[in-house]
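Contents: one structure, followed by commentary.
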Amino acid sequence: MERARALHVVLLRSKSQTLKKVRKMRTDRNSPRHNVSPEKPMGMVGAGPLTALIWKSGHRDSGWRYRFSLFRQLKAGKVGQMFRPLDLMYFIKLLQVIAAVIADDGCLSSIESGVLRRVEQDLDQLLQRASQQRSSGNAASSPENSGVDDEENGRI
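Next up, the structure:
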């Protein structure tokens, strides 16, 4: 009988500790940190096989911060971060689009927005010159550097 009573006391103590943990979990659930939803990108843009996610964080009082991540789309819905020489033209186009999206967001100062607009224009001129050289036959590309993926042969 005494052994059963001692066992009952131990169970009551563990039940009491469990209830305290459950109460703590419930109060933690109401904390602002727990209620924060996962950060989502403000946009997704692409050029050729390249894609960028644009992230925006901060507040209008403390200022905004922009970030972006780049990846290359491969076959079968896969992505990678290995790039080819021909991707450099897509990088330039993608940077131009990222600059335009951030400048158009409306949260930057007029000076910062103006700098991004100038970058966008300069990149556009660079792309036009490169396109003219390529169409005139001054730029050649080897098959290894084309935009086609060859995962079966282990080349990405």
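In terms of our numbering, the sequence shown is residues -17 to 138. Just so you know, even glycine gets a beta-carbon here, dropped at the ideal spot from N, CA and C. Since the model is a prediction, treat every value here as computed from it, not as a measurement.
State the beta-bridge partners of S39 as determined by DSSP.
For the purposes of this step, residue 39 is taken as residue 57 along the sequence shown, with counting starting at 1. DSSP, once it has assigned bridges, lists R47 as partnering S39.
Select from G30, V61, Q78 the residue whose C-alpha is nearest the C-alpha of A100.
Along the sequence shown, one-based indexing puts residue 100 at 118. Note that residue 100 is Arg in the sequence shown here, rather than Ala. The option with the nearest alpha carbon to R100 is Q78.
Option in P31, D69, R49, S118 with minimal Cα separation from V83:
Here residue 83 corresponds to residue number 101 of the sequence shown, with the count starting at 1. Out of P31, D69, R49, S118, R49 has the C-alpha closest to the C-alpha of V83.
Does the beta-carbon of M64 have 16 or more other beta-carbons within 10 angstroms, so that it is buried, or is it exposed?
Indexing the sequence shown from 1 puts residue 64 at position 82. Counting Cβ neighbours within 10 Å, M64 comes out exposed, since fewer than 16 surround it.
Identify whether L68 lies in helix, strand or coil by the three-state DSSP scheme.
Numbered from its first residue, the sequence shown carries residue 68 at position 86. In the structure shown, L68 sits in coil (DSSP, three-state: anything other than H, G, I, E or B).
Please classify Q63: does DSSP put it in a helix, a strand, or coil?
Numbered from 1 along the sequence shown, position 81 holds the residue referred to as residue 63. Coil, per DSSP.
If you run the structure through DSSP and keep just helix, strand and coil, what is G88?
Residue 88 sits at position 106 when you count from the first residue of the sequence shown. DSSP places G88 in coil when its eight states are reduced to three.
I138 (DSSP reduced to helix, strand or coil)
Numbered from its first residue, the sequence shown carries residue 138 at position 156. For I138, the predicted structure reports a pLDDT of 45, less than 50, and the residue's modelled location is therefore unreliable. The matter cannot be settled from this model.
Could you check what DSSP says for G28 in three-state terms: helix, strand or coil?
As a working note, residue 28 is residue 46 in the sequence shown. Strand at G28.
Pair within 8 Å by beta-carbon distance, L108 and L76:
By 1-based counting over the sequence shown, the position of residue 108 is 126. By 1-based counting over the sequence shown, the position of residue 76 is 94. L108 places its beta carbon 8 Å or farther from that of L76.
Cβ contact check for the region 57 to 71 and the region 83 to 96: 3 or more pairs under 8 Å:
no
Please classify L56: does DSSP put it in a helix, a strand, or coil?
As a working note, residue 56 is residue 74 in the sequence shown. If DSSP states are grouped into helix, strand and coil, L56 belongs with coil.
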